[in-house]
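S.K.:
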Amino acid sequence: MEFVRCDGAGVTLVFAVEAGGPEQGVADCVYFGPRLPAGEDLGALAAAMLRGRHESQPDIPPRPGLVPERKGGWSGTPALEVRRAGLAVDTHLRFRRAEQGTDRAEFFHADDAAGIAVCVQWRIGAGDVVRTSVTLRNLGDAPLSVERLAALALPVPRRFTEVTSFSGRWAGEMHEHRRPLAPDGLARESAIGKPGFAGGNWLLLHAGEEVLGAHLAWSGDHWLALDPDAQGAADGRAVLLTGARHEAGEIVLAPGESITTPEALFALAPDADALARAFHAHVRADVLPQRAAWGPRKVHLNSWEALGFDLSETGLIALAEQAGMLGIERFVLDDGWFGGQEQRRRNDRTSLGDWFVSPDVFPRGLAPLVARVHSLGMDFGLWVEPEMVSPDSDLYRAHPDWCLHSEGRARPTMRGQLALDMAREDVRDYLFARLDALLREHAIAYLKWDHNRDLFPSAPGQTEGFYALLDRLRTAHPQVEIESCSSGGGRIDMGVLSRTHRVWPSDNNDAIERLRIIPAWSRFLPLEVLGSHVGPSPNPITGRRLAMDFRAKVAMFGHMGVEADPARMTDKERDTLAAHIALYKIWRGVLHSGKLHRLAHPDPNVTGMMVTHEDKALALAAQTAFSPVFDAAPVRLAGLDPQARYRVTLPEPWPPRAQHYLANPDTWRGGLTLSGAALMGHGLALPLTHPETAWAIALERLDP
Ligand code: GLA
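Count along the sequence shown starting at 1, add 736, and that's the number in my numbering.
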């Protein structure tokens, strides 16, 4: 037996590899954990894992290896299922050889009888996040249908006895469910053409505080299986598998052809906060396109919750002028600006596909609005939903065959719309031509790219076509920033993030809901990619009324924006909003580059988070429900140097009612100096008694 060892900054992967022999040639991950000392005896490490054979197991207990198959008695979910001429092929891969670097390795397998070759790639990236993918090649002389191909098959140590999975709905994304991992395991999938609101493409496994996070970087359908006790594993391991989900017959490889899975990602950390920081480091360094060249994340004003479909040039210019006075830096024109010859987008039932500026809204074209936005010192963004078509559109009337449909069947709509067949080159060419023309004709700095329906039927090549269009557009217009939106957070994954600049976490802008939604996404994604808007009050989705101070403080912890009509705010609200926008501009460098920490608090209705960066930190402490006690427990900070001293201030504006309860407002105006040890151990006693009160806490390190 030989070993392949890969090291990251703080992790080690060890693979036992055996070409041929009684185990019939297997490559197996035998260690994934904290970095091992140089010179660790890898043979002893592997031997320490091996168990004996139990009754009622195959005589040679199977080792699932990096590509678990049905062969040899493995009863768990297989990583690979292929067919020829409709018949399942009984594959039996043998490991042949490995190629390795210090932080990466490739494992080549083949099954000559089945006529397939499989290469498994594992690589340790920034943040010690491991990225894996698998390439399958058809070596036979007949077509090979690929029914299932996992991007990852990870042996999970049995100390991970709990799982957090996610569920969600429109306007209610990323509900976390932590529970014991039952012996019958876990199976998730999406079959709607995108990851969906249910968040099945994200998973956390827990061993007490220690946590393992996994994700599939793919914007289409996925499957995920966790087999905690697949009979026959023989070494006490559970196996976590995930991959892109395809319909039977969707992927057929011609002789000599190959397919590579999207990447799966996983990482291990001592606690959930550390795991989030590992993923954030990874996203910043390895996922986001050219992040190093990004400027500060501009404050948006988006027209959707301000005006909806009630658009006119004068109304939009008035909105832009209001935005300019608040300190907004980017004006985003949402849905409703386009249309065709016969019909214009005055509601959500028409005109998708007709990406022409609508003359009834813009008799003089878009240019005067764009020019006014620029003259107010803002750049201009535009909403599009390229993959969709309304049955009531010129595009559909001209090309009814361009949408996804089953011949002879009714074409099921959702939000009154159909989806275009993105696998077709002519469809992509049309969309590219329209988007390219818009971006050439107008100085558009930003696209909000939406996707507002589930796919039924789903179709082969849809996600690949989406990526191809996005990639072509980005190559032609590299300076344009793009947001991935799908009725909120219906299509959020590292695949789309590698091509875009931010995501829309939820249509729900209610600050109380956002205090759950943003921290949930931030388990994997850094604040700078999470669009975070101040919505109207009452909130159109929840009906809740919240003070501007509270809404604005919560929105600062993300990529801040406004999605409300300032003309409908009071002077006081506008002032409060403008003051928070100014505060955000001071602090966004910290919020968008730093390390995120959650702040634990005994009251479950107090949410705290904090970002530390170099010698500065900004914290948020927000109270959502009435406190059961007069004096809420102090808020204990995190991520500070215990030995250092920090200047602590409560930057204004302060919450309107709560400042009445500050016993010593003058002291707070001047700030306090305390050690990291005191701030983390003892905390700060803030007046958190009223529901819907939030404080920002600013820290500056004084001593080295
Ligand atoms: C989706 C988006 C919203 C908005 C509307 C416009 O619902 O999530 O933010 O853009 O579409 O129709």
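For every residue, glycine included, the Cβ atom is placed at its ideal position computed from N, Cα and C. What you are looking at is a predicted structure, and each value in this text was computed from that prediction instead of being measured.
1) By alpha-carbon positions, which one of 1273, 864, 940 and 1296 ends up nearest to residue 1064?
2) What do you reckon, is the C-beta of residue 881 under 7 Å from a heavy atom of the ligand GLA?
3) Within 10 Å of its beta-carbon, does residue 758 have 16 or more other beta-carbons around it, so buried, or fewer, so exposed?
4) Would the beta-carbon of residue 1257 be found less than 7 Å away from any heavy atom of the ligand GLA?
5) Under a Cβ-count criterion, where at least 16 other Cβ atoms within 10 Å of its own Cβ denotes burial, should residue 752 be classed as buried or exposed?
6) State the Cα-Cα distance for the pair residue 1066 and residue 1112, rounded to the nearest angstrom.
7) Indicate the three-state DSSP secondary structure (helix, strand or coil) for residue 850 in the structure shown.
8) So what does DSSP say about residue 758, is it helix, strand or coil?
9) For residue 854, which residues from the same chain have a beta carbon less than 6 Å from its beta carbon, with the 5 sequence-adjacent residues on both sides left out?
10) Which residues does DSSP pair with residue 1297 in a beta bridge?
11) Check residue 869 in the structure and name its three-state DSSP category.
12) Please list the terminal residues of the continuous alpha helix (DSSP H) segment that includes residue 979.
13) For residue 1230, count the other beta carbons within 10 Å of its own beta carbon; 16 or more makes it buried, fewer makes it exposed. Which is it?
14) Pick from 987, 1084, 1192 and 1119: whose alpha carbon is nearest that of residue 1093?
15) Identify which residue in 1307, 1390 and 1407 has its Cα closest to the Cα of residue 1382.
16) Hey, residue 874 and residue 990: beta-carbon distance below 8 Å or not?
17) Please check the pair residue 1332 and residue 1016, which I expect to be a contact at CB under 8 Å, by giving their CB distance rounded to whole angstroms.
18) State the Cα-Cα distance for the pair residue 935 and residue 1403, rounded to the nearest angstrom.
19) Would you say the beta carbon of residue 1223 is closer than 7 Å to some non-hydrogen atom of the ligand GLA?
20) Exposed or buried, what is residue 1389 when buried is set at 16 or more other beta-carbons lying within 10 Å of its beta-carbon?
21) Helix, strand or coil for residue 1248? Go by DSSP, reduced to three states.
22) Roughly how many angstroms lie between the CA atoms of residue 1341 and residue 1249, to the nearest whole one?
23) Return the residue from the list 1115, 864, 1327 and 1351 that minimises the CA-CA distance to residue 1345.
24) Take the Cβ of residue 1116 as the centre, count every other Cβ of all protein chains shown within 10 Å, and call the residue buried at 16 or more, exposed below.
25) Answer with buried or exposed for residue 1343, where buried requires no fewer than 16 other C-beta atoms within 10 angstroms of its C-beta.
26) Is it true that the segment 770–779 meets the segment 884–901, where meeting means three or more beta-carbon pairs spaced less than 8 Å apart?
27) Would you check whether the ligand GLA has a heavy atom nearer than 7 Å to the C-beta of residue 874?
28) Measure the Cβ-Cβ separation of residue 824 and residue 834 and say whether it is below 8 Å.
29) Note down the Cα distance separating residue 1138 from residue 1131, rounded to an integer number of angstroms.
30) In its own chain, which residues sit with a C-beta less than 7 Å from the C-beta of residue 1216, not counting the 5 before and 5 after it?
31) Determine, using beta carbons only, whether residue 1053 and residue 1105 come nearer to each other than 8 Å.
32) Is there at least one Cβ from chain C nearer than 8 Å to residue 964's Cβ?
33) On the premise that residue 1198 lies in contact with residue 1191, defined as a C-beta separation below 8 Å, what is that separation, rounded to the nearest angstrom?
34) Assign residue 1079 to one of three DSSP states: helix, strand, or coil.
35) When you measure from the CB of residue 1040 to every non-hydrogen atom of the ligand GLA, does any distance come out below 7 Å?
36) At 4 residues or longer, and completely inside the segment 1108–1180: list those alpha helix (DSSP H) runs for me, N to C.
M.R.: With the structure as the only source:
1) 1296
2) no
3) Legend: pLDDT at residue 758 = 44, less than 50; position of this residue unreliable, no value from coordinates given.
4) no
5) buried
6) 10 Å
7) coil
8) A caution first: residue 758 carries a pLDDT of 44, below 50, which makes its placement in the model too unreliable to give a value.
9) 803, 829, 845 and 872
10) 1036 and 1269
11) strand
12) No alpha helix (DSSP H) holds residue 979; the beta strand (DSSP E) holding it covers 974–980.
13) buried
14) 1119
15) 1407
16) yes
17) 7 Å
18) 45 Å
19) yes
20) buried
21) helix
22) 12 Å
23) 1327
24) buried
25) buried
26) no
27) no
28) no
29) 9 Å
30) 1175, 1180, 1181, 1182 and 1183
31) yes
32) Looking at the structure shown, chain C is missing, and only one protein chain is on hand.
33) 7 Å
34) coil
35) yes
36) 1130–1134 and 1161–1177
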